[in-house]
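Note sheet for the following structure.
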Amino acid sequence: MESFYRPSDGVQRIVEKSERPSTRPGPEIISLATGDPDFETPAHIRQALHDAIDSGYTHYIDGRGDPELRAAIAAEASRLTEKPVTDAEICITHGGAGSLSSAILGTVNPGDRVLILEPTYSSYADLLWLIGAEPVFLKQTDDFHLDLDIIRAEAPNARMIIVCHPNNPTGVVYTRSELEELAEIAREHDLLVMSDEAYEALVFDGVEFASTLAIPELRERLIYCQTFSKRFAMTGWRLGYMIAPAEIIRHASTVHRTFNGSGNAAVQRAALAALTVPSDAPEQMRLEYQARREIVAELMAGTPGAEIREPDGSFYYFIKVTAPNAPDDLVAAALEHGVAIRAGTEYGPSGKGYFRITFATDREQLSEGVRRLRRMIEAWV
Ligand SMILES: Cc1ncc(COP(=O)(O)O)c(C=O)c1O
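Here you go:
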């Protein structure tokens with residue numbers, strides 16, 4: 019008998035897309051799959067959480083977030099923007115995920131077309147499917163930069179463009195001039211631009227990073243989404259925020275309040291310490307990621323059957339498998355070789371033939387995992 023219970027079409031779509039072998043590793047498996055930093059959250063942030071609880075931050079707070087935290091975010095963001103960011107333009111959210119979902123649910127309607135510049139983080143399309151909107155997957159250039167001609171061609175009748183910068187999974191940082199041209203297209207067709215800059219603090223030496231906040235032409239249509247997860251190694255704390263024009267913040271924060279209620283008061287005090295107490299911990303973590311990036315580059319250099327491009331930012335490598343005897347299911351094959359990875363197709367149709375590994379794992383595990391992957395690919399040539 020058919021079950022009385024059926025998931026919604028959107029949920030069904032997400033489940034079907036994410037059907038894949040488990041990447042939950044057993045003891046013999048090295049996980050290069052998840053984007054969770056192996057670092058502890060810095061001590062002064064952990065201490066600030068204890069202090070906040072002891073001083074009574076155990077109650078409901080303002081739905082848009084702790085006012086002092088909002089002020090600290092406004093001050094930091096205003097160093098990038100032409101015009102200062104005001105309190106009314108900020109909403110603190112439940113992780114970066116909370117800012118993405120509230121932004122999309124607050125501004126996009128069922129049936130709206132939204133341009134997904136892929137390969138890119140998979141949540142955007144999932145959220146659009148969930149609400150019955152239409153993700154329009156646009157393959158970007160072969161070196162994963164913006165294909166402005168394709169974006170321009172698809173811009174008429176779209177509602178929004180979503181950018182992931184630096185990009186998960188490709189690690190690409192877009193240039194300022196690419197973003198300025200994107201702004202021009204958005205203005206011409208009156209589109210919203212959502213920019214997810216979760217890896218903004220993880221950009222490597224020699225690469226110039228221009229935040230979308232620093233593009234004045236974008237400001238009136240920009241929804242900037244940020245998280246404390248990656249920069250401060252705070253994935254489990256669930257804290258992010260968005261910056262957008264006040265009217266958009268009103269709508270998005272209504273969505274956020276409806277789903278989540280008030281935010282976590284004590285965690286927001288700890289986040290205030292993260293932003294305001296001077297510390298070299300984020301920079302030390304960035305330098306370690308940079309060193310690991312070099313380790314992967316050296317271990318994979320010249321691998322027959324693979325194409326590797328060093329990421330400009332983030333903590334991912336997106337690796338193309340060109341070996342003639344490679345199987346379709348790279349994730350299952352890698353698991354058999356003792357490594358958990360993510361399939362390129364999770365990030366959009368043009369990810370076929372690619373896989374993603376993370377270097378948010380210690381050097382020893384990372385090196386062993388990469389050696390196993392190299393041996394696996396070489397055997398397919
Ligand atoms: C590009 C991107 N945006 C947003 C998120 C979600 O961040 P959070 O853990 O703060 O919800 C992630 C997490 O991996 C990410 O890679």
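Take 19 as the starting number for the sequence shown in my numbering and just add one per residue. Quick reminder that beta carbons are idealized off the backbone N, C-alpha and C, glycines included.
Scanning the segment 92-165 for uninterrupted alpha helix (DSSP H) segments of 4 residues or longer gives 113-125, 141-148, listed from N- to C-terminal end. In this structure, the alpha-carbon of Arg275 lies about 27 Å from that of Thr138. Taking all protein chains shown into account, Gly224 has fewer than 16 neighbouring C-beta atoms within 10 Å of its C-beta and is therefore exposed. Residue pairing of Lys338 in beta bridges, as defined by DSSP: Glu325, Tyr372.
Restricting attention to Arg381, Leu200, Pro60, the CA atom closest to the CA of Gln302 is found in Pro60. Look at Ser195 here: in three-state DSSP terms it is helix. Relative to ligand 1, the nearest heavy atom lies less than 7 Å away from the CB of Thr245. For Arg24, the three-state secondary structure derived from DSSP is coil. Judged by DSSP in its simplified three-state form, Asp167 adopts helix. Measuring C-alpha to C-alpha distances from Glu58 to each of Thr294, Ala350, Thr253 identifies Thr253 as the nearest. Around the beta carbon of Gly279, fewer than 16 other beta carbons sit within 10 angstroms, so the residue counts as exposed. Taking the Cβ of Asp214 as the reference point, at least one heavy atom of ligand 1 falls within a distance shorter than 7 Å. The DSSP-derived three-state label of Ala251 is coil.
CA-to-CA, the gap between Ser213 and Leu240 works out to about 7 Å. Inclusion of Ala283 and Ile91 in the CB contact set at 8 Å is not warranted, their separation being larger than that value. According to the DSSP assignment, Val399 belongs to no alpha helix (DSSP H), since it is labelled neither H nor E. In terms of CA proximity to Trp147, Ser119 leads the group Ser229, Val103, Leu164, Ser119. Look at Thr104: its beta carbon is at least 7 Å from all of the heavy atoms in ligand 1. Here the segment 119-130 makes no contact with the segment 328-343; the two share fewer than three CB pairs at distances below 8 Å. Bridge partners of Leu200 according to DSSP: none are assigned.
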